[in-house]
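K.L.:
For the sequence shown, the numbering used here assigns the number 1 to the initial residue and increments by one for each residue that follows. Built from N, CA and C at the ideal position, the CB exists for glycine as well. Note that the structure is a prediction, hence the values are computed from the model and not measured.
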Amino acid sequence: MAIIPSAAEITPISSLPPPLISSYNDRIRPLLDAVDKLRTLKRTLAVVTKADKAPEGLLEKVTNDDVNIGLGYVCVRNRIGLESYEEARLEESKLFRSNPLLSRIDKSMVGIPVLAQKLVRIQANIISKCLPNIVKQINGKLNANLTELKKMPKDLSSVAEAMAAFMDLMVEVKESLNKILIRGDYDEYPDDVQMHCNARLAEMLNRYSDELQSKDWSSSEFLMEEIRVLEESKGIGLPNFLPRSAFLTLLKKRINEISSHPANFVNVVWAYIESVLVSVLNKHCDNYPQLFSAISRAAGNVTARMKAESVKQVMEIIEMEKLVDYTCDPEYVSMWNKLMLCLGQFKKIMENEHEPPVLNIEGIGDVCVAHLRQHKHSAEEALDMKMRLIAYWRIVLRRLVDSMALHLLFSIQKLVNKELVTEVVNELMGPYGGGLEKMLEEPPSVAAKRERLNTSIKLLKESKDVVSKIMDRIQIE
Numbered sequence: 001m002a003i004i005p006s007a008a009e010i011t012p013i014s015s016l017p018p019p020l021i022s023s024y025n026d027r028i029r030p031l032l033d034a035v036d037k038l039r040t041l042k043r044t045l046a047v048v049t050k051a052d053k054a055p056e057g058l059l060e061k062v063t064n065d066d067v068n069i070g071l072g073y074v075c076v077r078n079r080i081g082l083e084s085y086e087e088a089r090l091e092e093s094k095l096f097r098s099n100p101l102l103s104r105i106d107k108s109m110v111g112i113p114v115l116a117q118k119l120v121r122i123q124a125n126i127i128s129k130c131l132p133n134i135v136k137q138i139n140g141k142l143n144a145n146l147t148e149l150k151k152m153p154k155d156l157s158s159v160a161e162a163m164a165a166f167m168d169l170m171v172e173v174k175e176s177l178n179k180i181l182i183r184g185d186y187d188e189y190p191d192d193v194q195m196h197c198n199a200r201l202a203e204m205l206n207r208y209s210d211e212l213q214s215k216d217w218s219s220s221e222f223l224m225e226e227i228r229v230l231e232e233s234k235g236i237g238l239p240n241f242l243p244r245s246a247f248l249t250l251l252k253k254r255i256n257e258i259s260s261h262p263a264n265f266v267n268v269v270w271a272y273i274e275s276v277l278v279s280v281l282n283k284h285c286d287n288y289p290q291l292f293s294a295i296s297r298a299a300g301n302v303t304a305r306m307k308a309e310s311v312k313q314v315m316e317i318i319e320m321e322k323l324v325d326y327t328c329d330p331e332y333v334s335m336w337n338k339l340m341l342c343l344g345q346f347k348k349i350m351e352n353e354h355e356p357p358v359l360n361i362e363g364i365g366d367v368c369v370a371h372l373r374q375h376k377h378s379a380e381e382a383l384d385m386k387m388r389l390i391a392y393w394r395i396v397l398r399r400l401v402d403s404m405a406l407h408l409l410f411s412i413q414k415l416v417n418k419e420l421v422t423e424v425v426n427e428l429m430g431p432y433g434g435g436l437e438k439m440l441e442e443p444p445s446v447a448a449k450r451e452r453l454n455t456s457i458k459l460l461k462e463s464k465d466v467v468s469k470i471m472d473r474i475q476i477e
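Structure follows, in structure tokens:
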């Protein structure tokens, strides 16, 4: 006897020869109890093999169904020797018709044909449960192909249609760049962090600010550079006046040492913006590959021009900072006053050689000033100028960062809202652009893609109809 679950594959769980059929309950129950822990027997078919060998008591066993076989029993006769299939089935039919014990079993429970019919029904039931998911997958693929086909450009037959399609394309590109570069939305590229432009630009600006402030201006001999500059700036005039030329000399030296950072920052930012432009244009011009070379040249030209303008702006800012020492920021005076709180201690150290030669300056820390006792006549002026330079330098660095941030944001808006579209039109209509007539020629790659989608859509629709008919037939049967 074999227990057959209603699955795609028939798995024999147990096989008992007819002589043991009388002890069937004792032998099979432990096995079925174990099976019940994993599944019920509601979807199980029991096949009694070699029914002709020991027919005694078989009727009662399959009729009483003590173990609740859900799909019932089927009794069959096995082929013997070299019997053909037809001969075996003929003998089986005679057996269940003429045997006094087996002929009493209901005809719906005997014979290979009955077993085959039951297995077909089981298989059909399994298939019918799989078909809805197959239909769902077909519908998903069909809808995806239809959506992709709708996104493809329609066949253009005139320059007017090409112009309309080109303007629609530019509107899409402009809106996408507005979202990414200006508004900070990145729903079009949720997983591509390089396209999260506001965050990336903020990171670049923060690194630029850190680089400017990371410059170490400390020296082994505190105030000696200031004293030397003051000595070289002396002139005929009233004493106790800090010469402005000395302050500008020190300021210019500092600015020269960090002057390469702003230009490098501009180059990095515009290289990044150009990569964003190329990515967006690649995405939106995918259906018009014949335009991509002209549009890519336009993107390169406009970013190069905007970068040159930014570099020029940066150099002008640097030159202005070298020439003019001015701020209306009250923090300058406030910071200078805090730094000059050390003046009293500084005077004591200069006047009293027994005083420890360590000066504590707020925000700077302890510095050794023993060597300044040899320059008492100019040490106080040097300290004053040093503290003014420190206070003013913070404002200069802040201006270099703030002005770059404002300039870049303004330049990006100008690029997106005006410069890019103008440059693309000029490039497309120029001598090497080919004009809008290029849009009238559908590239082979686009034509092949359109044909592939149409073929796939046709096959998917046919497949859907076939599966639907199978489902209807199974339901009727």
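Let me check understanding here. Comparing Cα to Cα, which of SER378, VAL421, ASN454 lies closest to LEU223?
P.N.:
SER378
K.L.:
Take ARG77 as the anchor and find which of ALA88, SER84, LEU71 has the nearest alpha-carbon.
P.N.:
ALA88
K.L.:
Do the segment 245–260 and the segment 321–328 make contact, defined as three or more Cβ pairs closer than 8 Å?
P.N.:
yes
K.L.:
Tell me the rounded alpha-carbon separation between LEU71 and VAL47.
P.N.:
Straight-line Cα distance between these residues: approximately 10 Å.
K.L.:
How is the alpha helix (DSSP H) around TYR189 delimited, first residue to last?
P.N.:
Unbroken run through TYR189: none, as it is neither H nor E.
K.L.:
Mapping the DSSP letters down to three states, classify GLY365 as helix, strand or coil.
P.N.:
strand
K.L.:
Rounded to whole angstroms, what is the Cα-Cα separation between THR11 and ALA447?
P.N.:
Caution applies to THR11, whose pLDDT of 35 falls short of 50 and renders its modelled position unreliable; the value that the coordinates give is listed next. The straight-line gap from Cα to Cα measures roughly 51 Å.
K.L.:
Quick check on PRO100: buried or exposed, where buried means 16 or more other Cβ atoms within 10 Å of its Cβ?
P.N.:
PRO100 sits exposed, since fewer than 16 C-beta atoms from the chains shown fall within 10 Å of its C-beta.
K.L.:
CA-CA distance, SER456 and ILE105?
P.N.:
54 Å
K.L.:
Do the CB positions of LYS386 and GLU274 come within less than 7 Å of each other?
P.N.:
no
K.L.:
Might you give, ordered along the chain, the residues of its own chain that have their beta carbon closer than 8 Å to the beta carbon of SER176, omitting 5 neighbours on each side?
P.N.:
GLU188, VAL280, LYS283, HIS284
K.L.:
THR303: which of LEU339, ALA271, ILE395, LEU250 sits nearest, CA to CA?
P.N.:
The shortest CA-to-CA distance from THR303 to any of LEU339, ALA271, ILE395, LEU250 is the one to ALA271.
K.L.:
Please list the terminal residues of the continuous beta strand (DSSP E) segment that includes TYR326.
P.N.:
Counting along the chain, TYR326 falls outside any beta strand (DSSP E), and DSSP gives it neither H nor E.
K.L.:
In this structure, how does DSSP classify SER468 when only helix, strand and coil are distinguished?
P.N.:
helix
K.L.:
Hey, out of LYS469, ASN454, SER463, GLN475, whose CA is closest to LEU146's CA?
P.N.:
LEU146 has its Cα closest to that of ASN454, out of LYS469, ASN454, SER463, GLN475.
K.L.:
Can you find at least 3 beta carbon pairs, one from the segment 283–301 and one from the segment 407–417, that sit closer than 8 Å?
P.N.:
no
K.L.:
Alpha carbon to alpha carbon, how far is LEU368 from MET350?
P.N.:
The amino acid occupying residue 368 in the given sequence is Cys; Leu does not appear at that position. Straight through space, the alpha carbons of MET350 and CYS368 are spaced by roughly 12 Å.
K.L.:
What does the Cβ neighbour count give for GLY111, buried or exposed, with the cut at 16 atoms within 10 Å?
P.N.:
buried
K.L.:
I need the straight-line Cα distance from GLU211 to MET335, nearest angstrom please.
P.N.:
Within the model, the alpha-carbon separation for GLU211 versus MET335 is close to 22 Å.
K.L.:
So, under 8 Å CB-CB, LEU201 and VAL276 are touching, yes? Tell me the CB distance rounded to an integer number of Å.
P.N.:
Contact flag wrong, Cβ pair sits at about 10 Å.
K.L.:
Check the DSSP bridge columns for LEU359 and list the partner residues they point to.
P.N.:
LEU359 has VAL367 as its beta-bridge partners, per DSSP.
K.L.:
TYR272 by DSSP, collapsed to three states: which one?
P.N.:
Three-state DSSP puts TYR272 in a helix.
K.L.:
Starting from VAL74, follow the beta strand (DSSP E) in both directions and report where the run begins and ends.
P.N.:
In this chain, the beta strand (DSSP E) harbouring VAL74 covers 73–75.
K.L.:
Applying the 10 Å Cβ sphere with the 16-neighbour rule, what's the burial state of ILE122?
P.N.:
buried
K.L.:
Using 10 angstroms around the beta-carbon of ILE295, count the other beta-carbons present and answer buried if the total reaches 16, otherwise exposed.
P.N.:
buried
K.L.:
Are there three or more Cβ pairs, one per stretch, closer than 8 Å when the segment 355–363 is compared with the segment 333–347?
P.N.:
With a cut-off of 8 Å, the segment 333–347 and the segment 355–363 count as touching, because enough Cβ pairs lie within range.
K.L.:
On a CA-only basis, which of GLU442, ARG398, SER293 is nearest GLU427? Give me that one, please.
P.N.:
Of GLU442, ARG398, SER293, the smallest CA-CA separation from GLU427 is found for SER293.
K.L.:
To the nearest angstrom, report how far apart LYS469 and ALA116 are at their CA atoms.
P.N.:
Taking the straight line joining both Cα atoms gives about 23 Å.
K.L.:
Please classify MET306 as buried or exposed, where buried requires at least 16 other C-beta atoms within 10 Å of its C-beta.
P.N.:
buried
K.L.:
Pull up the CB-CB distance for MET170 and VAL421, whole angstroms please, since I reckon it's below 8 Å.
P.N.:
MET170 to VAL421, Cβ: 5 Å. Contact.
K.L.:
Just grab the DSSP bridge partners of VAL396 for me.
P.N.:
None; VAL396 has no bridge partner.
K.L.:
Tell me which residues share the same chain as GLU437 and place their Cβ nearer than 8 Å to its Cβ, disregarding the 5 neighbours each side in the sequence.
P.N.:
VAL159, ALA162
K.L.:
So which of MET429, GLN137, ILE390 has the shortest CA-CA distance to ASP216?
P.N.:
ILE390
K.L.:
Does DSSP classify ARG473 as helix, strand or coil?
P.N.:
The DSSP-derived three-state label of ARG473 is helix.
K.L.:
Looking only at DSSP bridge pairs, what is VAL110 linked to?
P.N.:
Per DSSP, the beta bridge partners of VAL110 are CYS75.
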